[in-house]
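Just so you know, the protein sequences line up as chains A, B and C, in that order.
Quick note: the first sequence uses numbering that gives the first Met the number 0, first residue 0, plus one each step.
Quick note: the second sequence uses numbering that gives the first Met the number 0, first residue 0, plus one each step.
Quick note: the third sequence uses numbering that gives the first Met the number 0, first residue 0, plus one each step.
Notes follow once the structure below has been shown.
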Amino acid sequence: MNKQMLTGNVAAAWGARLAGIDYLPAFPISPQTEIIETVAEWIDTGVMDATMTTLDSEHSMLTAAGGAAATGVRVFTATSSQGLLYGMEMMYALAGWRVPLVLINVSRGLGAPITLEPDHNDVLAARDSGFLQLHCSTCQEILDSILIAFRLAEDKRIRLPVLVNLDGFYLSYTREPVIIPEPKEARDFVGPYDPGTVRFKADAPISEAVAVLGGEAYSYFRYEVQVAARKALEVYEEIAAEFQAAFGRSYDKIDAYRADGAEYLFLMIGSFATKAMDAVDQLRAAGWKIGLLRPRLLRPFPDRDLRILAAGRKGIAVVDQNLSFGRGGILHTEVTSSLYGQPGAPPVIAGFVGGLGGRDIAAEEFYQMAEDLKKACRKGVQPPMRLLYTAGELTAMRKLQTIAHAVRPEGGRDEKH
Amino acid sequence: MKSIDSSFQRPRDLPDIHILSSGTSICAGCGGLQAIHEILDILGLKTVTVNASGCMSLLSVYPFTPFSGSWLYTAMASAPAGAQGVRDALDRLLAKKRISSDEDMQVVVLSGDGSATGIGLSATSGAIDRRLDFIYICYDNEGYGNTGQQFSAGTPHGARTTTSRGEHGYCGYKKDLFSIWKANHPAYLATVSGAEPLDLARKIEKAKSIKGPSLIIAFSPCPTGWHFPPQESIEIGKLAIRTGVWPLKEYEDGKVVHTYMPARRLPVTEYLKKQGRFAHLFHPGNEYLIKEMQAELDAYWACVEKSVKSSETKE
Amino acid sequence: MYRIRFHGRGGQGMKMASHILGTAFFLAGFEVQDAPRFGAERRGAPIFAYVRAQRDPIKERGIISHPGLILVADESLVPMPAAGILDGVEKSSVLFLNSREDAATWKKRLNFPGKILAMDLIGADLNVPGGQRFFGAICAGAAAALVGVIPEDILLQAIEAELTHVEAEVIRENKTRALAAFQAMMEYSGIVKEGGGRQAAKFKKPEWIEVPFDEAGVSAPAIHGSRTSELMKTGAWRLRRPVINTSRCKGCWWVCSTFCPDSAIVAKDGRPHIDYDHCKGCMICMVQCSAHAITLVNEYEAEEADKSE
Numbered sequence: 000m001n002k003q004m005l006t007g008n009v010a011a012a013w014g015a016r017l018a019g020i021d022y023l024p025a026f027p028i029s030p031q032t033e034i035i036e037t038v039a040e041w042i043d044t045g046v047m048d049a050t051m052t053t054l055d056s057e058h059s060m061l062t063a064a065g066g067a068a069a070t071g072v073r074v075f076t077a078t079s080s081q082g083l084l085y086g087m088e089m090m091y092a093l094a095g096w097r098v099p100l101v102l103i104n105v106s107r108g109l110g111a112p113i114t115l116e117p118d119h120n121d122v123l124a125a126r127d128s129g130f131l132q133l134h135c136s137t138c139q140e141i142l143d144s145i146l147i148a149f150r151l152a153e154d155k156r157i158r159l160p161v162l163v164n165l166d167g168f169y170l171s172y173t174r175e176p177v178i179i180p181e182p183k184e185a186r187d188f189v190g191p192y193d194p195g196t197v198r199f200k201a202d203a204p205i206s207e208a209v210a211v212l213g214g215e216a217y218s219y220f221r222y223e224v225q226v227a228a229r230k231a232l233e234v235y236e237e238i239a240a241e242f243q244a245a246f247g248r249s250y251d252k253i254d255a256y257r258a259d260g261a262e263y264l265f266l267m268i269g270s271f272a273t274k275a276m277d278a279v280d281q282l283r284a285a286g287w288k289i290g291l292l293r294p295r296l297l298r299p300f301p302d303r304d305l306r307i308l309a310a311g312r313k314g315i316a317v318v319d320q321n322l323s324f325g326r327g328g329i330l331h332t333e334v335t336s337s338l339y340g341q342p343g344a345p346p347v348i349a350g351f352v353g354g355l356g357g358r359d360i361a362a363e364e365f366y367q368m369a370e371d372l373k374k375a376c377r378k379g380v381q382p383p384m385r386l387l388y389t390a391g392e393l394t395a396m397r398k399l400q401t402i403a404h405a406v407r408p409e410g411g412r413d414e415k416h
Numbered sequence: 000m001k002s003i004d005s006s007f008q009r010p011r012d013l014p015d016i017h018i019l020s021s022g023t024s025i026c027a028g029c030g031g032l033q034a035i036h037e038i039l040d041i042l043g044l045k046t047v048t049v050n051a052s053g054c055m056s057l058l059s060v061y062p063f064t065p066f067s068g069s070w071l072y073t074a075m076a077s078a079p080a081g082a083q084g085v086r087d088a089l090d091r092l093l094a095k096k097r098i099s100s101d102e103d104m105q106v107v108v109l110s111g112d113g114s115a116t117g118i119g120l121s122a123t124s125g126a127i128d129r130r131l132d133f134i135y136i137c138y139d140n141e142g143y144g145n146t147g148q149q150f151s152a153g154t155p156h157g158a159r160t161t162t163s164r165g166e167h168g169y170c171g172y173k174k175d176l177f178s179i180w181k182a183n184h185p186a187y188l189a190t191v192s193g194a195e196p197l198d199l200a201r202k203i204e205k206a207k208s209i210k211g212p213s214l215i216i217a218f219s220p221c222p223t224g225w226h227f228p229p230q231e232s233i234e235i236g237k238l239a240i241r242t243g244v245w246p247l248k249e250y251e252d253g254k255v256v257h258t259y260m261p262a263r264r265l266p267v268t269e270y271l272k273k274q275g276r277f278a279h280l281f282h283p284g285n286e287y288l289i290k291e292m293q294a295e296l297d298a299y300w301a302c303v304e305k306s307v308k309s310s311e312t313k314e
Numbered sequence: 000m001y002r003i004r005f006h007g008r009g010g011q012g013m014k015m016a017s018h019i020l021g022t023a024f025f026l027a028g029f030e031v032q033d034a035p036r037f038g039a040e041r042r043g044a045p046i047f048a049y050v051r052a053q054r055d056p057i058k059e060r061g062i063i064s065h066p067g068l069i070l071v072a073d074e075s076l077v078p079m080p081a082a083g084i085l086d087g088v089e090k091s092s093v094l095f096l097n098s099r100e101d102a103a104t105w106k107k108r109l110n111f112p113g114k115i116l117a118m119d120l121i122g123a124d125l126n127v128p129g130g131q132r133f134f135g136a137i138c139a140g141a142a143a144a145l146v147g148v149i150p151e152d153i154l155l156q157a158i159e160a161e162l163t164h165v166e167a168e169v170i171r172e173n174k175t176r177a178l179a180a181f182q183a184m185m186e187y188s189g190i191v192k193e194g195g196g197r198q199a200a201k202f203k204k205p206e207w208i209e210v211p212f213d214e215a216g217v218s219a220p221a222i223h224g225s226r227t228s229e230l231m232k233t234g235a236w237r238l239r240r241p242v243i244n245t246s247r248c249k250g251c252w253w254v255c256s257t258f259c260p261d262s263a264i265v266a267k268d269g270r271p272h273i274d275y276d277h278c279k280g281c282m283i284c285m286v287q288c289s290a291h292a293i294t295l296v297n298e299y300e301a302e303e304a305d306k307s308e
């Protein structure tokens with residue numbers, strides 16, 4: 000067995016290599032760049048046979064990705080944060096083109112203020128684009144998810160681009176032991192790319208991505224993307240089962256950790272979810288009946304799985320590493336709308352927002368979230384959303400503001416805290 | 000290198016007070032910062048710097064700024080558009096007498112070569128079309144430095160970067176940003192080097208005095224990405240000029256003038272051998288690459304010398 | 000779980016230290032996580048990297064807040080608040096310092112709750128050009144001995160696995176140093192113990208607050224005024240400093256002051272003065288001074304000279 004210490008970025012590069020990609024359009028952006036550097040070196044040294052082209056922007060990069068996929072080759076590309084947003088117009092376009100490709104997003108907080116460390120506002124801004132989304136919490140999962148993602152994207156029933164997400168720093172630059180599948184086994188699993196009839200060929204002219212006029216035709220094409228994306232729920236199940244049979248690792252749509260017999264659940268995506276697992280272990284040791292749900296598949300949203308897993312629980316604490324300004328956590332909205340009115344749905348779904356721009360969520364904060372959830376369940380009242388922020392953090396911020404000469408009006412409100 | 004009108008005649012005319020302050024998180028020995036600090040000294044206090052993503056994004060990190068003037072961080076693609084908005088608004092405020100002319104500022108774009116030669120070109124082109132009154136400063140470190148030196152359209156042929164690690168280095172050719180601008184009737188263009196501060200000061204002085212779109216391309220040796228010791232930054236700048244790799248020139252009123260003509264150019268190897276990014280060019284089998292570079296330089300300078308001679312005879 | 004933090008400066012190989020130790024743990028059969036702390040760090044600026052290792056899969060992530068072992072590549076980092084060397088230390092923490100002073104002196108000075116080990120393992124490399132890149136291997140070797148679960152041959156195997164891009168000679172030099180550090184620390188083998196997790200039965204409540212409303216004039220990420228970066232003492236990045244020999248200086252300040260990228264040479268009364276609070280030690284001024292009036296002095300020697308004055 001080939002098991003090596005790999006960063007999340009290098010694990011992603013291995014995913015591309017094992018999937019036998021033809022084409023990688025690229026544009027550097029931290030913290031993703033190590034992926035394209037790694038593939039570039041493999042191509043330069045002859046260990047990998049693929050074409051890599053550095054484009055002039057992420058918008059161009061995603062357009063090239065779509066163009067290549069529409070022409071009939073297997074395409075892989077990667078970006079982060081500002082780059083994902085700059086290419087966003089083309090994300091909606093490519094899903095509408097119905098071209099299969101795999102895009103890695105290495106999550107990083109969005110500007111302004113511009114920053115380096117992760118949260119999920121970037122990837123969730125792409126939530127409605129038509130790209131399917133897989134969210135990873137370990138370096139192993141990144142590699143494996145890329146193989147699964149190509150299968151999902153290229154499945155004739157689906158043919159939609161798939162985004163695989165990993166957190167900057169916490170995964171991108173963090174090494175963990177990763178099992179690298181045998182190249183032949185990986186190739187057998189992913190299979191050759193069959194573009195079918197949707198591709199450019201001199202003897203079979205085709206006009207792709209054409210315009211429509213009128214809402215009726217428009218609605219048809221958009222609804223078809225919705226229907227295909229929902230279909231992906233069952234197709235994903237088939238692919239994940241095949242993956243498990245081939246490699247022994249199982250990837251449910253929602254990863255449930257120690258959820259059996261749990262009265263309370265945390266719900267999180269991404270690498271911080273492993274911190275929540277740690278908290279679950281400690282809370283269980285202290286007598287709590289608590290577990291964790293970690294949706295891997297966010298688009299399509301696995302409503303049915305969530306309803307089954309949530310049924311009969313006293314409450315869920317949704318921890319969002321993102322913020323929809325003027326509303327709150329995006330996952331919280333998704334979870335509550337998915338569970339509303341469902342038989343056995345937990346009466347309390349508490350919303351917490353934390354971990355923005357890479358801010359840590361301490362073990363003690365998980366314990367406190369559990370206690371707050373329990374208290375709310377006892378009262379039977381949905382608690383107000385909580386933005387995780389401590390008095391110490393505000394004091395430190397006030398010091399910085401003094402240096403920045405940000406003068407607060409008399410009688411600032413901090414004294415109350 | 001003479002300029003009768005300039006207030007910078009001798010080295011001691013250079014500013015003795017530096018308006019870009021210390022304490023930034025930019026790498027020790029950064030040739031880009033070195034040039035920028037000389038440029039800002041001449042531009043003075045009344046500037047608003049509109050920044051495109053790049054190494055210099057980290058000049059201002061809350062709550063620390065080295066600027067004595069103002070600053071706006073925009074994005075990688077659109078700094079000239081940000082500059083357009085700032086200039087238009089200042090003009091409106093001036094016209095409506097909501098600010099006095101004392102409160103006006105020079106609008107400056109600060110961008111690396113990655114943005115200037117690639118993702119930012121469209122917004123730049125638009126700003127030139129609109130005759131935007133601004134000075135575009137490109138610190139040219141010949142690659143995407145802030146992400147660890149991948150090749151950009153500003154990378155020279157043959158250089159090793161983290162995305163061109165093969166035996167022959169980068170296969171593309173450095174984009175000629177100067178000529179792209181020149182073809183679009185800018186107000187003023189100049190290449191500068193921090194290693195030639197008098198030449199630089201005169202050009203910035205001139206750019207400041209001319210209305211309309213101006214470009215300053217500053218040679219920016221990068222110890223981290225080009226692989227040389229930080230203390231060599233200025234030396235490498237000087238060698239770039241003496242070997243003819245970095246011509247010092249300006250464009251004004253439809254004419255390009257070389258402000259420094261190397262009397263006896265050093266062989267290009269003198270410049271190449273100091274930098275790790277070119278070390279592979281000295282490996283057996285790559286001799287042709289160095290020959291090509293030398294031939295290209297010789298052709299460029301032969302052309303420059305010819306045009307100088309012909310204009311002298313005309314006069 | 001073993002929780003280990005390596006503190007050094009950009010360019011001293013702390014990422015390499017974490018990779019060597021991480022791979023050594025991995026080869027010894029442990030589950031491992033290792034990472035450098037990236038950010039806006041530059042050569043000379045304080046940086047750290049960390050390693051977690053245990054027999055079971057690791058769920059903890061991010062910066063190690065409660066380290067079992069802290070290794071400091073270079074003692075000059077200790078007084079720098081930005082280095083955060085003492086962050087989260089506990090009674091069970093072990094601190095290893097590369098230092099010319101002894102452990103007792105440091106114990107008293109730092110009021111450190113745990114054990115301190117001090118030894119100068121870097122002295123021979125400190126002032127040799129390029130010597131600092133070996134600090135990583137040295138620190139990894141010391142750490143491997145202190146945890147007591149990594150045999151010598153696995154340490155060497157890990158170095159080979161991590162240094163695939165360099166010449167054989169460099170690998171050999173790294174091995175020699177790591178081994179010397181390993182052997183020097185063997186008398187303390189096993190002094191570092193695995194730490195537990197944070198207890199949920201009894202925990203310190205986080206001091207959460209409601210985020211206050213601040214008007215945009217306060218809450219926008221804007222810096223009012225100028226030159227606040229002078230508060231950043233980037234002089235701490237420096238291990239060597241330029242010193243002006245006033246008798247040789249011809250007073251042509253426009254050379255050194257103009258060429259200094261960091262505005263750290265100021266002209267006063269026609270003479271250049273180096274601002275050591277901010278000079279990053281790039282030494283451009285030394286190379287460019289035509290009168291050869293600027294010389295290189297190692298930082299600790301300069302500081303010792305300052306103290307004795």
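Backbone N, C-alpha and C fix where the C-beta goes; we use that ideal spot for every residue, glycine too.
This structure is a prediction, so every number in the text was calculated from the model and none was measured.
Pick helix, strand or coil for residue i, following the three-state DSSP scheme.
i: HIS404(A); result: coil
i: GLY410(A); result: Only weak support exists for where GLY410(A) lies, its pLDDT of 46 falling under 50; the value from the coordinates is given anyway. If DSSP states are grouped into helix, strand and coil, GLY410(A) belongs with coil.
i: MET0(B); result: Because the pLDDT at MET0(B) is just 47, under 50, the model does not fix this residue reliably, and the value given afterwards should be weighed accordingly. MET0(B) falls in the coil class under three-state DSSP.
i: LEU387(A); result: coil
i: ARG16(A); result: helix
Quick check: residue i and residue j, are their CB atoms within less than 9 Å of each other?
i: GLY167(A); j: SER56(A); result: no
i: THR53(A); j: PHE26(A); result: yes
i: PRO176(A); j: PHE188(A); result: no
i: ALA124(A); j: ALA77(A); result: no
i: MET184(C); j: GLY140(C); result: yes
Between the Cα of residue i and those of the options, spot the shortest distance and give me the residue it belongs to.
i: VAL161(A); options: VAL279(A), ASP359(A), ALA245(A), PHE75(A); result: PHE75(A)
i: GLN81(A); options: MET75(B), GLU102(B), PRO220(B); result: MET75(B)
i: PHE24(C); options: GLY247(A), ARG174(A), ALA92(A); result: ARG174(A)
i: HIS17(B); options: CYS259(C), HIS291(C), GLY67(C), VAL286(C); result: CYS259(C)
i: TYR250(B); options: LEU176(B), ALA301(B), THR242(B); result: LEU176(B)
Please list, in chain order, the chain F residues whose beta carbon lies closer than 8 Å to that of residue i.
i: MET4(A); result: Absent from the structure: chain F. Protein chains present are A, B and C.
Please find out if some non-hydrogen atom of the ligand PLP comes closer than 8 Å to the beta-carbon of residue i.
i: LEU296(A); result: The ligand PLP is not part of this structure, which contains no ligands at all.
Exercise for the section: For the region 354 to 376 of chain A, enumerate the residues whose C-beta is nearer than 7 Å to any C-beta of chain C, in chain order. Expected result: Residues ASP359, ALA361, ALA362, GLU363, GLU364, TYR366, GLN367.
Practice task
Taking a Cβ distance cut-off of 8 Å, strictly less, list which residues of the region 134 to 155 of chain C are near chain B, in chain order.
Solution key: Listed in sequence order: no entries.
Practice task
Anything in the region 73 to 98 of chain B with a Cβ closer than 9 Å to a Cβ of chain A? List those residues in chain order, please.
Solution key: For chain A, the residues of the region 73 to 98 of chain B that bring a beta carbon within less than 9 Å of one of its beta carbons are ALA74, MET75, ALA76, in chain order.
Handout entry: Cβ-based contacts, 7 Å cut-off: residues of the region 25 to 59 of chain A near chain B
Key = Residues are counted here when their Cβ sits less than 7 Å from a Cβ of chain B; for the region 25 to 59 of chain A these are PRO27, ILE28, SER29, THR32, ILE35, GLU36, ALA39, GLU40, ASP43, THR53, ASP55, SER56, given in chain order.
Practice task
Return the residues of the region 54 to 70 of chain C that lie within a Cβ-Cβ distance of less than 8 Å from chain A, sorted by chain order.
Solution key: Residues passing the 8 Å Cβ filter: ILE57, LYS58, GLU59, ARG60, GLY61, ILE62, SER64.
Exercise for the section: Go through the region 209 to 269 of chain C residue by residue and report every complete run of the beta strand (DSSP E) that reaches 3 residues or more, in order. Expected result: Here the runs fully enclosed are 239 to 243, 264 to 267.
Problem - Near-chain A residues of the region 192 to 206 of chain C - C-beta to any C-beta below 9 Å - result: Going along the region 192 to 206 of chain C in chain order, one finds GLY196, ARG197, GLN198, ALA199, ALA200, LYS201, PHE202, LYS203, LYS204, PRO205, GLU206 with a Cβ nearer than 9 Å to chain A.
Practice task
Could you name the residues of the region 221 to 237 of chain C whose beta carbon sits closer than 9 Å to any beta carbon of chain A, in the order they occur along the chain?
Solution key: So the list reads ALA221, ILE222, HIS223, GLY224, THR227, LEU230, given in the order they occur along the chain.
Handout entry: Ordered list of beta strand (DSSP E) runs contained in the region 138 to 198 of chain A, each at least 3 residues
Key = If we require 3 residues or more, the beta strand (DSSP E) runs fully inside the region 138 to 198 of chain A come out as 161 to 166, 174 to 178.
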